[in-house]
Structures are given as C-alpha cells and as structure tokens.
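A.B. asks: Residue numbers (the numbering used here): 8 to 412. Ideal Cβ positions, reconstructed from N, Cα and C, are used throughout, including at glycine. Quick one: the structure is below, questions incoming.
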Amino acid sequence: MTTDIHHLKRLVRELEKIRGTGTQLISLYIPPGYPRGDLSSMLTDEYSKAGNIKSKQTRKNVQAALQKIMVYLKSIDYKIPETGLIIFCGNVSPDPGKSDIRLWAVVPPQPSPKIYRCDSTFYLDPLKAMVKPSDVYGIVVMDGKEGTVALVKGNTYEVVGRVRSLAPGKHHKGGQSARRFERLIEQAEHEYHKKLAEVIKKAFWDIRHDLKGIIFGGPGPHKNEFLNADYLPNELKQKILGVVDTGYTDEYGIREAMEAAKDILKDAEIMLQKKEVERFIGEAVKGGLVSFGVRQVYEDLKLGKVEELLISEDLEAWKGTFVCDNCGHRMEIVDTSREKIESMEVRCPLCGSPMRLESVEDAVEEIIQLAEDTGAKIIFVSPETEEGLKLKKGFGGIGAFLRYR
Ligand SMILES: [Zn+2]
8 MTTDIHHLKR
18 LVRELEKIRG
28 TGTQLISLYI
38 PPGYPRGDLS
48 SMLTDEYSKA
58 GNIKSKQTRK
68 NVQAALQKIM
78 VYLKSIDYKI
88 PETGLIIFCG
98 NVSPDPGKSD
108 IRLWAVVPPQ
118 PSPKIYRCDS
128 TFYLDPLKAM
138 VKPSDVYGIV
148 VMDGKEGTVA
158 LVKGNTYEVV
168 GRVRSLAPGK
178 HHKGGQSARR
188 FERLIEQAEH
198 EYHKKLAEVI
208 KKAFWDIRHD
218 LKGIIFGGPG
228 PHKNEFLNAD
238 YLPNELKQKI
248 LGVVDTGYTD
258 EYGIREAMEA
268 AKDILKDAEI
278 MLQKKEVERF
288 IGEAVKGGLV
298 SFGVRQVYED
308 LKLGKVEELL
318 ISEDLEAWKG
328 TFVCDNCGHR
338 MEIVDTSREK
348 IESMEVRCPL
358 CGSPMRLESV
368 EDAVEEIIQL
378 AEDTGAKIIF
388 VSPETEEGLK
398 LKKGFGGIGA
408 FLRYR
C-alpha cells in the first residue's frame, strides 16, 4: 500500500497511461469505516452483473479483476485504513488477447469518497485532487453595506473578518439638511471602506507571498468603487486576480466567489506558467543564470543550485545506475529516454573498463523531491500552451533558474 505523496503522484502518472482494450479497468474508492458486509456484497453484485458483459474477453477480465479485489480485501481482513482505501485493478496487457491483471491499493491522504467505476481508463480525478497541493487564496465579497473576508485553502474556507457600514438609512429624518445628511453618509461610507481595508490587510498582508491571489465579489458596482479608490496598498491590489458578481456579501457570497474562482485560478496559473517560461527563455538566450535539459538540471538540483524549476507536466526522465565491475565505481546517468540509457556504452571514468547497467528507474519523482528538499520553487508547465511547447522542444521539457553558477 502506498501513502507517500510523491509515490502517489508517480502512481497517478503510471496509471494514467494505462488503457483497457474494453471497459475493464476497475476503480474502487472505499470511504473510511465502510462496513465489511456492504463492501463484499457490492463486489459480489458487480461480479454477477459483469456476467452480462457481451465481449467474452472483457467479461473474463472484469470478473478476474473483481476476484482479485476480493482476494486482496480478504488478505487484509477488510481492515480499511483511517482515510479509506482506493483500489485500481484490471488487465493492463496492451495485447487484447493476453491477460495481465494487476492491482494497486492506495491509502488516500484525505478521506476517500465512495465510487465504483469500470471503464477503459482508471478513474483518477478524485485521487489527483488529493495529491495536488491546494490553492490558497483570499476572497472579499462586499457591497455598500457589508463586507466579508475569507481565506480559502482548496475546498475549504475560513471567514477571517466581517465589516458592516454604519451609514444611516437612505431616508433622511426631518430636521437635518439634505446636504448635511449627504455628508454623513459619505463619511460613514469612508469609515466603512477604511475598516474593510484594515481587515483585508490584516488577513492577507503577512501571507501575501503564499497567496495565489485575491478575488473580489459582491452585487453591484460598489466593489469596483472600493478598488478604484486608494484603500488598499498596491502590493495587495496587484494580487487581485478577478472581480466577480455574486448575489450575496456573506458566507453565501464567499461560496459563490469560490465557484467563480476555479476558472480564474486556472487562467492565472496558465498566465504564470507563460510568464515564467518567457522569462526563462529570455535568460537562456542571453546566457543568464539558468540551466536546462534533464541531465544538467538534475546535477544542479543535487548541488542545491536551483532557485526555481520549470518542469513540463509530461516530462519523462529515467535514471540509469552504472557499475564498474573492475574497480567498483558507480555512477548515475539521467536521460529522457529509457531506451537511450539501456543502449548506452559507458566506460568507467576511473579505470576505463566498460560499465554494467545495474538499474533504470523513473527519475521524475526524484527530481521533484530534490527540488522540494532544496527549497526550489516548482512550476509545472502544461505542454498544451505555446510556451509549454517551447520549453519542451527547445529545452528538453525542463529548465531551472539558478541561485549561483
Ligand atoms: Zn572502474
């Protein structure tokens, strides 16, 4: 069973590549405390339902996978870990005539939902969401009367402040001149804006470097009036990712803004990727403090030289360990092609004897781990943007801003 986040990320990548020849790959998400009886009768049920599958090959594979899952659950005595259990099982043989039923059991880092899927791919979205670091951002929803400030982490939010305007009601009482009344309202509004700005600063200033951004919401134009006036320091204003319309200015409004935030954050993420790849290319062109190519970046990471790592989401990297049987010297070579490593003829740099390839492993996980261990900022770059393509084609899918040469 796998629990470590890096292992899980790697597993997700591995499982994503698997395609069933029919709808025969099973994804089973078991929530914590799921009763043994329910689980086993559900699987027995699915087993008999699978008997109706028309394709003989698919039927055989689905039933074999279900059987394997039941055997596995029996082997752990149906003891579901605290966060639940996720099982992926199915025929992974690329040859439709052959059968190679494999099973992966994963202890999720967060409580598992209850899902059963049988499809031509494994259903990975819920697991992916669990291993992805959650976005941290701020939300302010406001109108002329009330403002609510919240800090959002992934799918959860915490209200960190609420401010209400003390402006008198719209209808002025007798005895006051209209002008004086007008001024009272203006003053109260100014006080309200100042107070709201204080709450926003208190909530976000100290953590501004960790915030993905701030989103403003609320009904009507009041939020824009607030933003156009100079209540917030520029550094916080620059963090504003978007202004959205919401119906409410309380917790409902926060939840409305969180919905709208999904697309805004995605766009902001792509903008950041583009900006950083452009900056990287600019440095690379003028021979600045950068390195690229998996082999060079791997070496720089090991020396702790990397300040920021740009890594293509679909980067492949393999590490071959070579051993000299003559003098015992060992060395590692990293490359994007597994085949290339396997066909390398390497001579020992110490004694000149031919070296033997001892093992080849996936190196992407180690690269990410090295970056995290040395405090390098990591930016995953989608290969689907023009900039992502440039990083891939021109720099081998990986680039680094260095701390020193
Ligand atoms: Zn040697």
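Can you round the beta-carbon distance between residue 12 and residue 91 to whole angstroms, since I take them to be within the 8 Å contact cut?
C.D. replies: Incorrect: roughly 16 Å between the Cβ atoms, too far for contact.
A.B. asks: Ligand 1 heavy atoms versus the CB of residue 357: any closer than 7 Å?
C.D. replies: It does: the Cβ of residue 357 is within 7 Å (strictly closer) of some heavy atom of ligand 1.
A.B. asks: In chain order, what residues of the same chain have a beta carbon less than 6 Å from the beta carbon of residue 29, not counting five sequence neighbours either side?
C.D. replies: 62, 65, listed in sequence order.
A.B. asks: Does ligand 1 have even one heavy atom less than 7 Å from the beta-carbon of residue 425?
C.D. replies: Since the displayed the chain opens at 8 and closes at 412, residue 425 lies outside it and no answer follows.
A.B. asks: For the alpha helix (DSSP H) holding residue 32, just list the boundary residues, first then last.
C.D. replies: No alpha helix (DSSP H) holds residue 32; the beta strand (DSSP E) holding it covers 32–37.
A.B. asks: Looking only at its chain, what residues have a beta carbon closer than 7 Å to the beta carbon of residue 165, apart from the 5 residues adjacent to it on each side?
C.D. replies: 157, 158, listed in sequence order.
A.B. asks: Measure from the C-beta of residue 281 to each C-beta in chain D and report whether the shortest distance is under 8 Å.
C.D. replies: Of the chains in the structure shown, none is chain D; there is only one protein chain.
A.B. asks: Once you ignore the five residues that flank residue 381 on each side, which residues in its own chain have a CB closer than 6 Å to its CB?
C.D. replies: Correct list, in chain order: 311.
A.B. asks: For a test of the three-state rule: what should DSSP assign to residue 406, helix, strand or coil?
C.D. replies: The answer is strand: DSSP assigns residue 406 an E or B state.
A.B. asks: Starting from the C-beta of residue 328, find all residues in its chain whose C-beta is less than 6 Å away, skip the five residues before and the five after it, and write them out in chain order.
C.D. replies: 339, 365, 366, listed in sequence order.
A.B. asks: Can you tell me whether DSSP reads residue 158 as helix, strand or coil?
C.D. replies: Correct three-state label for residue 158: strand.
A.B. asks: Just to confirm before moving on: does the CB-CB distance between residue 50 and residue 95 stay below 8 Å?
C.D. replies: Cβ atoms of residue 50 and residue 95: not closer than 8 Å.
A.B. asks: Using the C-alpha atoms, what's the distance from residue 368 back to residue 79?
C.D. replies: Rounded to whole angstroms, residue 79 to residue 368 spans 27 Å at the Cα level.
A.B. asks: With distances taken from CA atoms, which of 32, 45, 86 is nearest residue 67?
C.D. replies: The residue with the shortest Cα to Cα distance from residue 67 is 32.
A.B. asks: Just to confirm the assignment: which complete beta strand (DSSP E) runs, minimum length 3, are found wholly within the stretch 237–287?
C.D. replies: Listed in chain order, the complete beta strand (DSSP E) runs (minimum 3 residues) inside the stretch 237–287 are 247–252.
A.B. asks: Between which residues of its own chain and residue 321 is the CB-CB distance below 7 Å, once the five residues before and five after are set aside?
C.D. replies: Cβ neighbours of residue 321 beyond the five flanking positions: 390.
A.B. asks: On the DSSP bridge assignment, give the partners of residue 137 in chain order.
C.D. replies: Note: residue 137 sits in no beta bridge, so no partner.
A.B. asks: By the three-class DSSP mapping on this structure, what secondary structure does residue 191 have?
C.D. replies: The answer is helix: DSSP assigns residue 191 an H, G or I state.
A.B. asks: Which of helix, strand or coil does DSSP assign to residue 47?
C.D. replies: It is helical.
A.B. asks: Near residue 301, which residues of its chain fall below 8 Å by C-beta distance, leaving aside the five closest residues on each side in sequence?
C.D. replies: Taken in chain order, the residues that qualify are 322, 324, 341, 342, 343, 370, 374, 403, 404, 405.
A.B. asks: Sort 126, 362, 39, 289 by Cα distance to residue 69 and report the nearest one.
C.D. replies: Ranking 126, 362, 39, 289 by Cα distance to residue 69 puts 126 first.
A.B. asks: Pull up the CB-CB distance for residue 155 and residue 256, whole angstroms please, since I reckon it's below 8 Å.
C.D. replies: With a Cβ gap of about 6 Å, residue 155 and residue 256 count as contacting.
A.B. asks: Start and end of the alpha helix (DSSP H) containing residue 232?
C.D. replies: Per DSSP, residue 232 belongs to the alpha helix (DSSP H) from 229–235.
A.B. asks: Rounded to whole angstroms, what is the Cα-Cα separation between residue 47 and residue 97?
C.D. replies: About 18 Å.
A.B. asks: Residue 278: buried (16+ other C-beta within 10 angstroms of its C-beta) or exposed?
C.D. replies: Classification for residue 278: exposed.
A.B. asks: Using 10 angstroms around the beta-carbon of residue 318, count the other beta-carbons present and answer buried if the total reaches 16, otherwise exposed.
C.D. replies: So residue 318 ends up on the buried side.
A.B. asks: Below 8 Å on the Cβ atoms is my guess for residue 386 versus residue 308; work out the distance and round it to an integer in Å.
C.D. replies: Contact flag wrong, Cβ pair sits at about 14 Å.
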